[in-house]
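Report on the structure given below.
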Amino acid sequence: MRPGCGQSRYLAGLVLLLSVAFGAMWPDALSASPMHQNESTAGAVQHETAALFITLASAQKIGATSGSASDVESAPEAQSSTTMLSAPVLTREDYPSIGVSSRSVVWIVAQMHLFFGALVLAVPLFVLVIEFIGFRTGDNRYDLMAHEFMKISLTAYAITALFGGTLALALFALYPDFMKYLMGVFGSQMLIYALLFFLESMLLYIYYYGWDALRYGNRKWVHLTLGLLLNAVGATLLVVVNSWTTFMMAPSGVDEAGAVIGSIWEVMKGPLWNPLNLHRFIANIAFGGAVVGAYAAYRFLSAKNAEEKAHYDWMGYTSNFIAILAFLPLPFAGYWLTAEIYAYSQQMGILLMGGILAWLFVIQAVLICTILVAGNFYLWSGMSRTEGSKRYEWLVKYIAGVLIVGFLVWVTPHNLILTRSEITTLGGTLHPVLGPLGIMPAKNIAVFLMLVFTFLSFQIYRRSNKIITVAWEPVGNALMISIYAVAIVNIIFAGIYYGYFTNTVYKVGSSVIQVASTGVVIVAGIVIDTLMFKGARVLPSPWGKVSNRSQYALFTLLVAFTWLMALMGYVRSAMRTHWHVYGVMKDASPDNFIPSLSHVGNMVTFVTVLFLVFLLFIFWIANLSEKKQEPPELHDLSAEGRFV
Amino acid sequence: MTVADGVQFRTSNSISGEVMTTDSDRRGKLHKVVLWSATLLITLVAFYALNHFVMSMQGLPLNWDLTPLQ
Numbered sequence: 001m002r003p004g005c006g007q008s009r010y011l012a013g014l015v016l017l018l019s020v021a022f023g024a025m026w027p028d029a030l031s032a033s034p035m036h037q038n039e040s041t042a043g044a045v046q047h048e049t050a051a052l053f054i055t056l057a058s059a060q061k062i063g064a065t066s067g068s069a070s071d072v073e074s075a076p077e078a079q080s081s082t083t084m085l086s087a088p089v090l091t092r093e094d095y096p097s098i099g100v101s102s103r104s105v106v107w108i109v110a111q112m113h114l115f116f117g118a119l120v121l122a123v124p125l126f127v128l129v130i131e132f133i134g135f136r137t138g139d140n141r142y143d144l145m146a147h148e149f150m151k152i153s154l155t156a157y158a159i160t161a162l163f164g165g166t167l168a169l170a171l172f173a174l175y176p177d178f179m180k181y182l183m184g185v186f187g188s189q190m191l192i193y194a195l196l197f198f199l200e201s202m203l204l205y206i207y208y209y210g211w212d213a214l215r216y217g218n219r220k221w222v223h224l225t226l227g228l229l230l231n232a233v234g235a236t237l238l239v240v241v242n243s244w245t246t247f248m249m250a251p252s253g254v255d256e257a258g259a260v261i262g263s264i265w266e267v268m269k270g271p272l273w274n275p276l277n278l279h280r281f282i283a284n285i286a287f288g289g290a291v292v293g294a295y296a297a298y299r300f301l302s303a304k305n306a307e308e309k310a311h312y313d314w315m316g317y318t319s320n321f322i323a324i325l326a327f328l329p330l331p332f333a334g335y336w337l338t339a340e341i342y343a344y345s346q347q348m349g350i351l352l353m354g355g356i357l358a359w360l361f362v363i364q365a366v367l368i369c370t371i372l373v374a375g376n377f378y379l380w381s382g383m384s385r386t387e388g389s390k391r392y393e394w395l396v397k398y399i400a401g402v403l404i405v406g407f408l409v410w411v412t413p414h415n416l417i418l419t420r421s422e423i424t425t426l427g428g429t430l431h432p433v434l435g436p437l438g439i440m441p442a443k444n445i446a447v448f449l450m451l452v453f454t455f456l457s458f459q460i461y462r463r464s465n466k467i468i469t470v471a472w473e474p475v476g477n478a479l480m481i482s483i484y485a486v487a488i489v490n491i492i493f494a495g496i497y498y499g500y501f502t503n504t505v506y507k508v509g510s511s512v513i514q515v516a517s518t519g520v521v522i523v524a525g526i527v528i529d530t531l532m533f534k535g536a537r538v539l540p541s542p543w544g545k546v547s548n549r550s551q552y553a554l555f556t557l558l559v560a561f562t563w564l565m566a567l568m569g570y571v572r573s574a575m576r577t578h579w580h581v582y583g584v585m586k587d588a589s590p591d592n593f594i595p596s597l598s599h600v601g602n603m604v605t606f607v608t609v610l611f612l613v614f615l616l617f618i619f620w621i622a623n624l625s626e627k628k629q630e631p632p633e634l635h636d637l638s639a640e641g642r643f644v
Numbered sequence: 001m002t003v004a005d006g007v008q009f010r011t012s013n014s015i016s017g018e019v020m021t022t023d024s025d026r027r028g029k030l031h032k033v034v035l036w037s038a039t040l041l042i043t044l045v046a047f048y049a050l051n052h053f054v055m056s057m058q059g060l061p062l063n064w065d066l067t068p069l070q
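One line per chain: the protein sequences are U and C, in this order. Under our numbering, think of the first position of the first sequence as 1, with each following residue one higher. Under our numbering, think of the first position of the second sequence as 1, with each following residue one higher.
Right, here's the structure in full:
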């Protein structure tokens with residue numbers, strides 16, 4: 001490292017990251033503002049380290065390699081003269097043994113860190129929006145709800161940091177050479193990460209504890225600005241973390257031997273970076289919504305009076321709204337990510353969708369369908385709050401029918417595990433009728449129709465308590481119904497015709513028609529309803545008048561979301577097979593193989609249950625903070641009747 | 001109830017059992033048919049154009065009958 005270069009390198013890195021943070025605030029740059037979501041297994045999660053990681057890092061070998069990488073950034077002309085270190089070639093002896101599987105240890109700790117990380121970085125995003133709505137409308141209920149959401153996030157923040165620290169220790173202890181290499185590649189960016197982590201902590205505490213002090217008038221603007229900064233820093237944190245993850249999957253800025261040949265920016269912006277950023281950003285919001293929804297359900301079921309029930313019913317509805325609304329565009333982001341994975345490495349893509357990992361997509365289908373059915377059921381239950389819902393009740397059975405048929409198509413596997421006699425009976429390995437349902441065109445039709453009909457549930461829910469009064473109501477309704485009808489026909493047509501009767505290129509391209517058709521339904525539905533609701537008569541729809549059963553749908557959402565995150569995080573990570581960094585640094589540890597599906601199932605289930613246990617603790621703590629013990633003297637006096 | 005109230009007015013022919021409708025009722029039905037046909041047509045055209053647009057955008061042009069050009 002050249003004398004005097006340190007400060008300029010760090011400043012350059014800081015400017016770079018701040019520009020990313022500001023970019024994340026623009027709607028068209030959403031793809032640059034992610035959050036944690038899917039993660040697991042030793043390899044991938046080795047990047048998801050917290051502050052302690054940085055502290056340890058600074059004591060390690062930032063010097064030689066990271067200095068080189070950063071020098072490239074601040075002084076391009078010095079590139080050729082800078083010494084780069086290649087990725088080390090490891091043997092099994094390079095991995096310390098602790099008697100249990102290192103991968104399993106890191107898998108569990110990292111997944112827990114990611115669950116909580118996703119939560120604490122997602123919740124402030126929608127809290128800020130809710131707070132702003134409360135400020136603009138003057139409705140204090142929004143403010144109270146936003147503050148209560150933050151209470152959950154704050155408790156979870158401490159646990160996130162604890163798991164982050166534990167993860168850092170585990171990684172350095174169990175994968176020392178790999179971590180050394182990673183530190184070398186990312187160098188001073190790690191210190192920027194530490195700085196951002198401090199900023200995030202400070203802003204989070206000021207935002208939460210300053211809530212009441214900055215509640216009205218111009219002070220509220222100060223508070224909202226703090227919230228915006230908090231989210232900008234949080235989004236930047238995750239952009240940074242994602243770059244570590246995507247570097248492992250699709251390294252950039254390094255040569256074939258793993259030596260850094262580009263700037264830190266080139267290392268960060270790999271081909272999968274933005275797709276993953278977008279996917280995690282959206283998924284985290286959905287996950288955060290599911291967690292606070294479960295909290296609302298927990299409080300609803302334990303409420304002592306009608307006022308509490310009404311409050312938590314409303315909170316549960318809002319949470320479900322956030323979770324499902326964020327969930328609807330998630331498949332689109334998933335398609336983008338998968339397409340980029342295929343484009344980067346067909347081998348990786350085929351392993352993902354056509355190899356052993358493809359079986360996990362069948363489980364994914366079950367979980368996503370569970371989410372959609374639970375979300376729809378919650379909306380149908382909520383419709384019972386108002387008499388106006390009777391106009392739309394007849395639609396529910398058809399929506400349920402589409403969801404069930406879509407579910408069955410989605411879970412139909414392409415290849416069946418058959419005995420010889422079964423193959424003979426069938427006349428092949430594929431079932432003559434069900435076989436065609438096992439490939440993507442059929443599943444695409446099922447997925448997009450389920451999304452369209454889930455939006456229909458949302459729409460009839462919103463219309464249930466309104467009598468529309470605009471003169472052009474018949475035109476609006478005719479247009480909306482026409483859009484639904486044509487979009488549904490278009491989705492089915494594109495899936496069947498291009499999927500089964502044209503070449504592969506058109507088959508893949510036609511999925512964009514389905515995405516666009518679904519998008520048109522959603523956007524048109526929101527626009528038409530917003531215009532039609534102007535001056536509408538609102539029917540009574542008392543909060544709290546909803547069945548207890550509906551609250552269990554919110555719990556179901558949480559369990560399914562959590563399981564899904566753990567499962568698909570594993571899938572994304574396992575694509576690297578026996579590589580720490582795909583194509584650059586081989587994994588020579590005893591765990592450098594794709595585990596059996598049953599082992600994956602057990603691990604994913606274990607981390608899901610563990611997270612839920614911790615979450616119950618958080619809910620309990622949040623509840624406990626509201627309880628106040630009476631002073632002993634007063635209590636005694638009251639018991640003796642001396643105050644009567 | 002009157003036609004002016006916007007409520008459908010029907011009388012029944014006791015001999016044939018046919019439902020007789022008034023002129024305004026017929027106009028109302030015609031209006032509905034025109035409305036639904038027009039919205040459906042507009043939507044069909046919009047989605048037809050959408051299909052051409054999204055496929056062309058990907059370098060996969062279509063014929064007028066939506067079959068692949070390539």
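Ideal Cβ placement from N, Cα and C applies to all residues, glycine included.
- If you draw a 10 Å sphere on the C-beta of GLY187 (chain U), you find 16 or more other C-beta atoms in it, and that means buried.
- Taking a cut-off of 8 Å for Cβ pairs, the stretch 532-549 of chain U and the stretch 450-470 of chain U touch, as three or more such pairs fall below it.
- Per DSSP, the unbroken beta strand (DSSP E) holding TRP579 (chain U) starts and ends at 579-581.
- For VAL411 (chain U), there are no neighbours in chain C by C-beta distance under 8 Å, as the nearest C-beta there is about 28 Å away.
- Taking 8 Å as the threshold, the shortest C-beta distance from LEU479 (chain U) to chain C falls below it.
- In the DSSP secondary-structure assignment, LYS269 (chain U) is not bridged to any residue.
- Residue burial annotation: LYS507 (chain U) is buried, with at least 16 other C-beta atoms found within 10 angstroms of its C-beta.
- The beta carbon of ASN320 (chain U) sits closer than 6 Å to those of GLY293, TYR378, all from its chain and outside the five residues before and after it, given in chain order.
- Of the candidates U:PHE617, U:PRO632, U:GLU630, U:GLU633, the residue whose Cα lies closest to the Cα of ILE159 (chain U) is U:PHE617.
- Among the bridge pairs identified by DSSP, PRO68 (chain C) is matched with C:LEU62.
- In this structure, the straight-line span from the alpha carbon of GLY316 (chain U) to that of ALA296 (chain U) is close to 5 Å.
- Contact check for LEU367 (chain U) against LEU564 (chain U) passes: the beta carbons are separated by less than 8 Å.
- Across the set U:LEU203, U:ALA290, U:VAL127, U:VAL515, the C-alpha of U:LEU203 shows the shortest separation from the C-alpha of LEU230 (chain U).
- Looking at the DSSP output, ILE324 (chain U) bridges to nothing.
- Contact holds between the stretch 433-446 of chain U and the stretch 499-506 of chain U, because three or more Cβ pairs, one in each stretch, are under 8 Å apart.
- For ASN444 (chain U), the enclosing alpha helix (DSSP H) covers residues 440-464.
- Secondary structure at ILE513 (chain U): helix, using DSSP grouped into helix, strand and coil.
- Under the criterion of beta carbons closer than 8 Å, VAL489 (chain U) and ALA446 (chain U) do not qualify as touching, at roughly 15 Å.
- According to the DSSP assignment, LEU214 (chain U) belongs to no alpha helix (DSSP H), since it is labelled neither H nor E.
- An exposed status is given to GLU93 (chain U), since fewer than 16 other beta-carbon atoms sit within 10 Å of its beta-carbon.
- No residue range can be given for GLN629 (chain U), since it is assigned to no alpha helix (DSSP H) and is classified by DSSP as neither H nor E.
- Put simply, the CB of THR518 (chain U) is far from chain C, with every gap to its CB atoms at 8 Å or more.
- By the beta-carbon neighbour count (other beta carbons within 10 angstroms, threshold 16), GLN111 (chain U) is buried.
- In terms of Cβ geometry, LEU416 (chain U) and THR429 (chain U) form a close pair [threshold 8 Å].
- If you check each beta-carbon in the stretch 499-514 of chain U against every beta-carbon of chain C, the ones closer than 8 Å belong to THR502, ASN503, VAL505, TYR506, GLY509, SER510, VAL512, ILE513.
- Taken through DSSP and simplified to helix, strand or coil, LYS151 (chain U) comes out as helix.
- Taking a Cβ-Cβ cut-off of 7 Å, the neighbours of VAL54 (chain C) in chain U comprise VAL512, ILE513, ALA516, given in sequence order.
- The three-state reading of DSSP puts ILE526 (chain U) in helix, counting H, G and I together.
- A straight-line Cα-Cα distance of about 22 Å links LEU40 (chain C) and ASN63 (chain C).
- Within the same chain, and ignoring the five residues on either side of GLY382 (chain U) in sequence, the residues whose Cβ sits closer than 7 Å to its Cβ are TYR317, TYR461, VAL546, SER550.
- The beta carbon of TYR392 (chain U) sits closer than 8 Å to those of MET383, ILE460, ARG463, SER464, all from its chain and outside the five residues before and after it, given in chain order.
- Under DSSP, VAL538 (chain U) takes part in a beta bridge, and its partners are U:LYS466.
- Listed in chain order, the positions of the stretch 460-475 of chain U with a beta carbon within less than 9 Å of a beta carbon of chain C are PRO474, VAL475.
- When CB distances to chain U are screened at a threshold of 7 Å, the residues of the stretch 33-61 of chain C falling below it are LEU35, TRP36, THR39, LEU40, THR43, LEU44, PHE47, LEU50, ASN51, VAL54, MET55, GLN58, LEU60, in chain order.
- Only buried fits LEU615 (chain U), as 16 or more other CB atoms lie within 10 angstroms of its CB.
- For the set U:VAL396, U:THR246, U:GLY375, the Cα lying nearest the Cα of ALA553 (chain U) is the one of U:GLY375.
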